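*Asks:*
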Amino acid sequence: MPVQVTAADALSRQDVGLKCVKLLRDEICKHLLSENKQDAQRMQELLCDESCIVIQNLTFAYPTRVTPRSHNEPTMGPNIFTDFSYEFKTGVSYNIEGFGGSTLLRLIAEALTPSSGLISVPLNFKRVMVHRIPDILEGTLVSNVMAVASSKYTETHAKQLMRMMGFDKSLIDEPVHLVSGGRNLKWAEQKLVALARAIMRDPAVLCTYRPSEGLSTRVALKVESVIKDWRAGVLKGFEGRSQQRTVFAVGLGNKDFVKVVLPPCIEENDDE
Numbered sequence: 067m068p069v070q071v072t073a074a075d076a077l078s079r080q081d082v083g084l085k086c087v088k089l090l091r092d093e094i095c096k097h098l099l100s101e102n103k104q105d106a107q108r109m110q111e112l113l114c115d116e117s118c119i120v121i122q123n124l125t126f127a128y129p130t131r132v133t134p135r136s137h138n139e140p141t142m143g144p145n146i147f148t149d150f151s152y153e154f155k156t157g158v159s160y161n162i163e164g165f166g167g168s169t170l171l172r173l174i175a176e177a178l179t180p181s182s183g184l185i186s187v188p189l190n191f192k193r194v195m196v197h198r199i200p201d202i203l204e205g206t207l208v209s210n211v212m213a214v215a216s217s218k219y220t221e222t223h224a225k226q227l228m229r230m231m232g233f234d235k236s237l238i239d240e241p242v243h244l245v246s247g248g249r250n251l252k253w254a255e256q257k258l259v260a261l262a263r264a265i266m267r268d269p270a271v272l273c274t275y276r277p278s279e280g281l282s283t284r285v286a287l288k289v290e291s292v293i294k295d296w297r298a299g300v301l302k303g304f305e306g307r308s309q310q311r312t313v314f315a316v317g318l319g320n321k322d323f324v325k326v327v328l329p330p331c332i333e334e335n336d337d338e
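Per my numbering, residue 67 is the first one in the sequence shown, and the count goes up by one each step.
#1: Do the segment 197-209 and the segment 244-262 meet, that is, are 3 or more Cβ pairs less than 8 Å apart?
#2: Roughly how many angstroms lie between the CA atoms of residue 273 and residue 192, to the nearest whole one?
#3: Let me know if residue 253 comes out buried or exposed under the rule of 16 or more other beta-carbons within 10 Å of its beta-carbon.
#4: Specify, as a first and last residue, the run of the alpha helix (DSSP H) that residue 238 falls within.
#5: Give a yes or no on contact between the segment 209-225 and the segment 149-160, applying the rule of three or more CB pairs nearer than 8 Å.
#6: Hey, residue 292 and residue 230 are a contact pair by Cβ (cut 8 Å); roughly how many whole angstroms apart?
#7: In whole angstroms, give me the CA-to-CA distance for residue 147 and residue 166.
#8: So the candidates are 174, 306, 330; which of them puts its Cα closest to the Cα of residue 122?
#9: Would you check if the distance between the CB atom of residue 260 and the CB atom of residue 311 is smaller than 8 Å?
#10: Report the residue from 309, 300, 289, 240 whose alpha carbon sits nearest the alpha carbon of residue 264.
#11: Looking only at its chain, what residues have a beta carbon closer than 6 Å to the beta carbon of residue 318, apart from the 5 residues adjacent to it on each side?
#12: Confirm, please, whether the CB-CB distance from residue 224 to residue 266 is below 8 Å.
#13: Can the beta-carbon of residue 295 be found closer than 8 Å to that of residue 287?
#14: Alpha carbon to alpha carbon, what distance is there between residue 184 and residue 163?
#15: Quick one: is residue 321 buried, meaning 16 or more other Cβ sit within 10 Å of its Cβ, or exposed?
#16: Which term fits residue 169, buried or exposed, when burial requires 16 or more other beta carbons within 10 angstroms of its beta carbon?
#17: Can you check which of these residues, 150, 233, 141, is closest to residue 125 by C-alpha distance?
#18: Consult DSSP for residue 201 and reduce its assignment to one of helix, strand or coil.
#19: Straight-line CA distance for residue 197 to residue 180?
#20: Could you please give the first and the last residue of the uninterrupted alpha helix (DSSP H) stretch that includes residue 211?
#21: For residue 324, count the other beta carbons within 10 Å of its own beta carbon; 16 or more makes it buried, fewer makes it exposed. Which is it?
#22: Counting C-beta neighbours from all protein chains within 10 Å, is the total for residue 186 16 or more, i.e. buried, or is it exposed?
#23: Can you have a look at residue 256 and say buried or exposed, based on whether 16 or more other CB atoms are within 10 angstroms of its CB?
#24: Do you know how far the Cα of residue 268 is from the Cα of residue 299?
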């Protein structure tokens, strides 16, 4: 009989995936050590350094199509990044501007794999990408926000966070039943679920794409304030870790965010 896996199980397994990535990095270090001692030592130093997130010689292109001549291997489109290098200090909020912003967020969050180059994030830093459309599970709003929450947080934290983000009070206080896929939840509300769920996972690195898009001015200001205060470690109920928490955002012009303009690319992409 096949084993059934719920969406919550799949989400929680992302943490297991992070552990596998750590093991893989250890193996890479061992390989480099046998090939090039200097490169291996540099990589190990970067993985242990909690003060920065380093991108070295990053090259990335999306696959386009499979052709008979390529023996069922996808051909690659134009490079989104070519030998791109940058050093981000941890404990800072960044607003990424320019072509390739959403792609860079996915690469940092390990949702994509570079064609070549290195993205070095400290080993004990959990990374979370806030998806524009979250996987809404059947149940209540609170249970959805709690789906993959850190063990340090409770339903009380979830409700408190949702109030600070501007959720409709009836959705928080009443056991409104959500259907799988969120068909009875507005798109703007689904965006709020995605951000709340990400914060409840207690990441060190939070990547979010246009978090205030489609929200009312009132709610958008609340969301920006929550992100700012969470990063600074002063959000009520979620205090601390300000030296580690790092935010990468696209589409947030908040004055407290450090603006990073990506180098121009030859060809534009509607997805960005």
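We treat Cβ as the ideally placed atom computed from N, Cα and C, and that holds for glycine. None of these values were measured; they are calculated from a predicted model.
*Replies:* Taking the definition as stated:
#1: yes
#2: 11 Å
#3: exposed
#4: 235-239
#5: no
#6: 5 Å
#7: 8 Å
#8: 174
#9: no
#10: 289
#11: 161
#12: yes
#13: no
#14: 21 Å
#15: exposed
#16: buried
#17: 150
#18: coil
#19: 20 Å
#20: 207-211
#21: exposed
#22: buried
#23: buried
#24: 11 Å
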